[in-house]
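Residue numbers for the sequence shown follow my numbering, so the first one is 224 and each next one is one higher. In this text, a Cβ means the ideal position worked out from N, Cα and C, and glycines have one as well.
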Amino acid sequence: MKKCCFIGHREIEITKDLENRLDELIERLINNNDVNEFLFGSRSEFNSFCYDVVCRKQRKYPNIKRVAYLCKHEEVCLVGEGDKISKIYQKITETKKSFAEYEEKKEFLKLMKAGRASYVERNNLLIDDSDFVVLYLDTNKIRYKSGTYLAYEYALKSKKNIINVKE
């Protein structure tokens, strides 16, 4: 079985067209490319958007797995923990909030010790562990030091299958 990660800008333009293309892409990755693990970072609108699409696909394909790659000071809920954490959160803050759940989470010592570059290093680990890299890279607004652009360059050097859903 194969793995796919998602890396993109913190802020994206979410459209129905993008949602449809991403939905079709994930379907193809599952059916035509034997992808059954989807790897996620954090702190980007694109990442959250992809997580939602994969969750919908999981209803149809219950064997697919969501895996969170954590940086320093990050935590996620494993499957079955989200409701419990949500109730505790609501008691403390008096506001409702749902929490994303993953089948697995991965922590890396080198990321726990890393400073500002921890997200770049985490993206590289995501890419290393993936067969497919799905990017949201706006080539009209490229910032050559952005995390997404650096991830794109790393994926190219690593000879990964890169799919830019922004184009």
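Please name the residue, chosen from the options, that lies closest to residue i on a Cα-to-Cα basis.
i, options, result
"residue 323", "341, 338, 301, 340", "301"
"residue 384", "256, 235, 339, 282", "256"
"residue 369", "292, 356, 247, 267", "267"
"residue 329", "249, 317, 292, 356", "292"
Which word fits residue i, buried or exposed, when buried means at least 16 other C-beta atoms lie within 10 angstroms of its C-beta?
i, result
"residue 264", "buried"
"residue 371", "buried"
"residue 253", "buried"
"residue 361", "buried"
"residue 381", "exposed"
"residue 378", "buried"
"residue 339", "exposed"
Excluding five sequence neighbours on each side, which residues of the same chain lie with their C-beta closer than 7 Å to the C-beta of residue i?
i, result
"residue 270", "229, 231, 263, 264"
"residue 366", "372"
"residue 226", "258, 260, 262, 352, 353, 354"
Would you report the Cα separation of residue i and residue j, rounded to the nearest angstrom?
i, j, result
"residue 342", "residue 251", "28 Å"
"residue 276", "residue 333", "30 Å"
Below 8 Å CB to CB, which residues in the same chain sit around residue i once its five sequence neighbours on both sides are set aside?
i, result
"residue 175", "No statement about residue 175 is possible, as the shown extent of the chain runs from 224 to 390 and does not include it."
"residue 347", "374, 377"
Give me, in chain order, the residues of the same chain whose beta-carbon lies closer than 6 Å to that of residue i; leave out the 5 immediate sequence neighbours on both sides.
i, result
"residue 326", "288, 289, 302"
Would you list, in sequence order, the uninterrupted alpha helix (DSSP H) runs of no fewer than 4 residues that lie entirely inside the region 255-286?
-> 268-283
Kindly provide the ranges of any beta strand (DSSP E) runs that are 3 or more residues long and lie completely inside the region 317-381, ordered along the chain.
-> 327-330, 355-359
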